[in-house]
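Visitor:
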Amino acid sequence: MQNKSYSRRIFHMAIVNVSDQSFTNEVEGQGTVLVDFWAPWCGPCKMLAPILDELSTEVGDSVKIAKVNVDENPETASRFGVMSIPTMIFFKDGQPVDKVVGLNSKDALKSILAKHQ
Numbered sequence: 001m002q003n004k005s006y007s008r009r010i011f012h013m014a015i016v017n018v019s020d021q022s023f024t025n026e027v028e029g030q031g032t033v034l035v036d037f038w039a040p041w042c043g044p045c046k047m048l049a050p051i052l053d054e055l056s057t058e059v060g061d062s063v064k065i066a067k068v069n070v071d072e073n074p075e076t077a078s079r080f081g082v083m084s085i086p087t088m089i090f091f092k093d094g095q096p097v098d099k100v101v102g103l104n105s106k107d108a109l110k111s112i113l114a115k116h117q
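Yeah, the sequence shown ends on 117 if you go by the UniProt record's numbering, and it's all consecutive.
1) At the level of alpha carbons, what is the spacing between V35 and V68?
2) Going by C-alpha to C-alpha distance, which of A39, A66, S105, Q21 sits closest to V33?
3) Taking N44 and P86 to be in contact with their CB atoms under 8 Å, please state how far apart those CB atoms are, rounded to whole angstroms.
4) Just mark N73 as buried or exposed, buried being the case when its beta carbon has 16 or more other beta carbons within 10 Å.
5) Using the beta-carbon count (16 or more within 10 Å), is N17 buried or exposed?
6) For K99 and H116, which I take to be in contact (beta-carbon distance under 8 Å), what is that distance rounded to the nearest angstrom?
7) Quick test of your reading: V70 and A39, contact by CB under 8 Å. State the CB separation rounded to the nearest angstrom.
8) Helix or strand or just coil, what does DSSP make of V59?
9) Around the C-beta of T24, are 16 or more other C-beta atoms found within 10 angstroms, so that it is buried, or is it exposed?
10) Measuring alpha carbon to alpha carbon, tell me which of G29, L113, K106 ends up nearest M47.
11) Identify, in the order they occur along the chain, each residue of the same chain with its Cβ nearer than 7 Å to the Cβ of residue 118, setting aside the five sequence neighbours on each side.
12) Please go through the same chain and pick out, in chain order, the residues whose beta-carbon is closer than 6 Å to the beta-carbon of P96, but skip the five residues on each side of it.
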């Protein structure tokens, strides 16, 4: 029997890493964007990463997910009042519409996204 290899195409937006310089272009446009403020040393942030990966697959291209490393991009974190991480801010058409702090379940995040789509 011949072993056939194939690649499966997943149609969803990739999670994008955003910097202080690219934030406006990546986030403050049209549509719904979930921005995850995180740091590599943050335990709950590491636990959130696979949840966001699953969420990205489930919501497809209807929601963009962006990640801001607060250590490397302090201006953006300060601009939005991020005091602890993980913090997720939900944007609708360029405006912040919701904010959650701490580790949240995928279902909780989907529920918040549903309110703003």
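No residue lacks a Cβ here, since even glycine has one placed at the ideal position from N, Cα and C.
Guide: Taking the coordinates as given:
1) Taking the first residue of the sequence shown as position 1, residue 35 is located at position 35. Taking the first residue of the sequence shown as position 1, residue 68 is located at position 68. Taking the straight line from one Cα to the other gives about 7 Å.
2) Here residue 33 corresponds to residue number 33 of the sequence shown, with the count starting at 1. Considering only alpha carbons, the answer is A66.
3) Locating residue 44 in the sequence shown gives position 44, where the first residue counts as 1. Locating residue 86 in the sequence shown gives position 86, where the first residue counts as 1. Per the sequence shown, the amino acid found at residue 44 is Pro instead of Asn. Between P44 and P86, the beta carbon gap of about 6 Å places them in contact (Cβ cut-off 8 Å).
4) As a first step, residue 73 must be located in the sequence shown, where it is residue number 73. Buried, because 16 or more other Cβ atoms sit within 10 Å of the Cβ of N73.
5) Position 17 of the sequence shown, counted from the first residue, corresponds to residue 17. The residue in question, N17, is exposed, as its Cβ has fewer than 16 Cβ neighbours within 10 Å.
6) Stepping through the sequence shown from its first residue, residue 99 is reached at position 99. Stepping through the sequence shown from its first residue, residue 116 is reached at position 116. Contact flag wrong, Cβ pair sits at about 12 Å.
7) Translated into the one-based positions of the sequence shown, residue 70 becomes position 70. Translated into the one-based positions of the sequence shown, residue 39 becomes position 39. Sure, about 5 Å apart at Cβ, within 8 Å.
8) Here residue 59 refers to the residue found at position 59 of the sequence shown. Three-state DSSP puts V59 in a helix.
9) Position 24 of the sequence shown, counted from the start, is the residue given in the question as residue 24. Classification of T24: exposed, given that the 10 Å Cβ count is below 16.
10) Walking along the sequence shown from the start, residue 47 turns up at place 47. Comparing Cα-Cα distances from M47 to each of G29, L113, K106, the minimum goes to K106.
11) Look at the range of the chain in this structure, 1 to 117, and you will see that residue 118 is not part of it.
12) Here residue 96 refers to the residue found at position 96 of the sequence shown. Correct list, in chain order: I89.
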